[in-house]
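J.: Going by full-length UniProt numbering, the sequence shown opens with residue 1, and the numbers climb by one from there. Where a beta carbon is used, it is the ideal one built from N, C-alpha and C, also for glycine.
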Amino acid sequence: MRRRNLLAGMAGLLAAGCSKVADSETGKALFSSAEDWHRKAHRALAGKQALAREYSRADLSPTFRGNGSQTVDSDAYRAQLADGFPDWRLEVRGLVDTPLSLSLDNIRRLPQRTQITRHDCVEGWSAIGEWTGPQLSLLLDAAGVQEGANFIVFRCADNLNGDDYYESVDMVDAYHPQTIVAHMLNGEPLPEKNGAPLRMRIERQLGYKHPKYLTVIEAVASLDEIGRGKGGYWEDRAGYQWYAGI
Ligand SMILES: Nc1nc2c(c(=O)[nH]1)N[C@H]1C(S)=C(S)[C@@H](COP(=O)(O)O)O[C@H]1N2
Ligand SMILES: [Mo]
1 MRRRNLLAGM
11 AGLLAAGCSK
21 VADSETGKAL
31 FSSAEDWHRK
41 AHRALAGKQA
51 LAREYSRADL
61 SPTFRGNGSQ
71 TVDSDAYRAQ
81 LADGFPDWRL
91 EVRGLVDTPL
101 SLSLDNIRRL
111 PQRTQITRHD
121 CVEGWSAIGE
131 WTGPQLSLLL
141 DAAGVQEGAN
151 FIVFRCADNL
161 NGDDYYESVD
171 MVDAYHPQTI
181 VAHMLNGEPL
191 PEKNGAPLRM
201 RIERQLGYKH
211 PKYLTVIEAV
221 ASLDEIGRGK
231 GGYWEDRAGY
241 QWYAGI
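This is the structure:
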């Protein structure tokens, strides 16, 4: 089923006349990943974990508040926001066979998952929202995560109180079926305050583990050399738990 979806997504890329994408390294990687579907042992992780609860449309919060950074404070970001992010790139890099550089359009054309979940912030509020985007596992398989990779690091465009926001997860959460690269909230492109144009949803984890304004997905062996070594912005600064499972 999944493989069929992936192939359908790839066919979509071609049908849309994106021959540039299909010819590029990224395009080739997406195709060969569909072919080598059994190749990566990490795939087995996808089935191992329980799903976070999913809700119905009737449960949606009337507004999904923004928290932490609510924009990226740069002229380049404001210009992109006004224009629909034509030049935004999401890089997949680090310990991968084929680094990828994906446009929003590439991401929208992949097989999508939509899920209605509850976001819980440690500051004591929650909100229910409907998120849509490709599963992270799909991008990781397309790039071909190498054996020595133990964590996935997410880098963001925003700067919070002088430092870049970042986060990380282990391979179980990275390959969890509800871990998606979301580009829509409640059926609309992501609002600015909620991380436009891309943010992670990692549904078994607390709010600070869902990085917004996503620019880079990086496979690494160790978190020691990333940021201050604790695996995330708040983990480094406020002693928040790295594993914030709920
Ligand atoms: N890049 C980035 N991602 C971030 C934050 C941030 O400040 N910058 N805040 C985190 C926290 S603490 C929460 S609760 C959620 C808030 O998501 P929302 O703004 O969509 O409500 O984003 C998380 N991801
Ligand atoms: Mo939060």
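Assess contact between the segment 139-149 and the segment 54-67, defined as three or more Cβ pairs (one per stretch) separated by less than 8 Å. Is contact present?
T.: no
J.: Starting from the C-beta of G227, find all residues in its chain whose C-beta is less than 6 Å away, skip the five residues before and the five after it, and write them out in chain order.
T.: Indexing the sequence shown from 1 puts residue 227 at position 227. Closer than 6 Å at Cβ, skipping near neighbours: Y166 and D236.
J.: Which runs of the beta strand (DSSP E) spanning at least 3 residues fall entirely within the segment 171-240, listed in chain order?
T.: You should have 179-182, 199-202 and 214-220.
J.: Indicate whether G195 and Y208 have their beta-carbon atoms separated by less than 7 Å.
T.: Working through the sequence shown from its first residue, we reach residue 195 at position 195. Working through the sequence shown from its first residue, we reach residue 208 at position 208. Going by C-beta atoms, G195 is not nearer than 7 Å to Y208.
J.: Please state whether the Cβ-Cβ distance between E218 and G129 is less than 7 Å.
T.: Taking the first residue of the sequence shown as 1, we reach residue 218 at position 218. Taking the first residue of the sequence shown as 1, we reach residue 129 at position 129. Not in contact: E218 and G129 (Cβ atoms no closer than 7 Å).
J.: Below 6 Å, is the gap between the Cβ of D59 and the nearest heavy atom of ligand 1?
T.: The residue you call residue 59 lines up with position 59 of the sequence shown. No, since every heavy atom of ligand 1 falls outside the 6 Å radius drawn around the Cβ of D59.
J.: Got a sec? Which residues, its chain only, sit under 8 Å from residue 287 by beta carbon, not counting five neighbours each side?
T.: As shown, the chain starts at 1 and ends at 246. That puts residue 287 outside it, with no answer to give.
J.: Keeping to the same chain, check which residues put their C-beta closer than 7 Å to that of A157; ignore five residues upstream and five downstream.
T.: Here residue 157 is taken as the residue at index 157 of the sequence shown, counted from 1. Excluding sequence neighbours, A157 sits near V72, Y77, Y213 and T215.
J.: So E192 packs on A52, CB below 8 Å; how close in whole Å?
T.: Position 192 of the sequence shown holds residue 192. Position 52 of the sequence shown holds residue 52. Not really, about 25 Å apart at Cβ, beyond 8 Å.
J.: Sort out for me which residues DSSP pairs N159 with in a bridge.
T.: Here residue 159 is taken as the residue at index 159 of the sequence shown, counted from 1. D164, per the DSSP bridge assignment.
J.: Determine the closest residue to V96 out of N150, N186, N159 and Q80, with distance taken between C-alpha atoms.
T.: Position 96 of the sequence shown holds residue 96. Taking the Cα of V96 as reference, the smallest distance to any Cα among N150, N186, N159 and Q80 is reached at N150.
J.: I want to check one thing, is the minimum distance from the CB of N161 to the heavy atoms of ligand 2 below 6 Å?
T.: Here residue 161 refers to the residue found at position 161 when the sequence shown is read from its first residue. It does not: the Cβ of N161 is nowhere closer than 6 Å to a heavy atom of ligand 2.
J.: In this structure, does DSSP put D59 in helix, strand or coil?
T.: Against the sequence shown, residue 59 aligns to sequence position 59. Correct three-state label for D59: helix.
J.: Assign W125 to one of two classes, buried (16 or more other C-beta atoms within 10 Å of its C-beta) or exposed (fewer than that).
T.: Taking the sequence shown and counting its residues from 1, one reaches residue 125 at position 125. Classification of W125: exposed, given that the 10 Å Cβ count is below 16.
J.: What three-state label does DSSP hand residue 273 in the structure shown?
T.: Outside the modelled stretch of the chain, which goes from 1 to 246, sits residue 273, for which no answer is possible.
J.: Let me make sure I understand the geometry here. Which of L190, L140 and S168 has the alpha-carbon closest to that of R199?
T.: On the sequence shown, position 199 is the one that residue 199 refers to. Of the listed residues, the one whose Cα sits closest to R199 is L190.
J.: Is H183 near ligand 1, in the sense that its beta carbon is under 6 Å from a heavy atom of that ligand?
T.: Your numbering for residue 183 matches position 183 in the sequence shown. Result no, Cβ not under 6 Å from ligand 1.
J.: If you draw a straight line from the alpha carbon of D36 to that of E123, how long is it in whole angstroms?
T.: Along the sequence shown, read from residue 1 onward, the residue named residue 36 stands at position 36. Along the sequence shown, read from residue 1 onward, the residue named residue 123 stands at position 123. Any reading at D36 must be qualified, since the residue scores a pLDDT of 49, below 50, and its modelled position is unreliable; the value itself is stated next. In a straight line, the C-alpha of D36 is about 43 Å away from that of E123.
J.: Tell whether a beta-carbon distance below 7 Å holds between A182 and I152.
T.: Looking up residue 182 in the sequence shown gives position 182. Looking up residue 152 in the sequence shown gives position 152. Cβ distance not < 7 Å, so A182 and I152 don't count as in contact.
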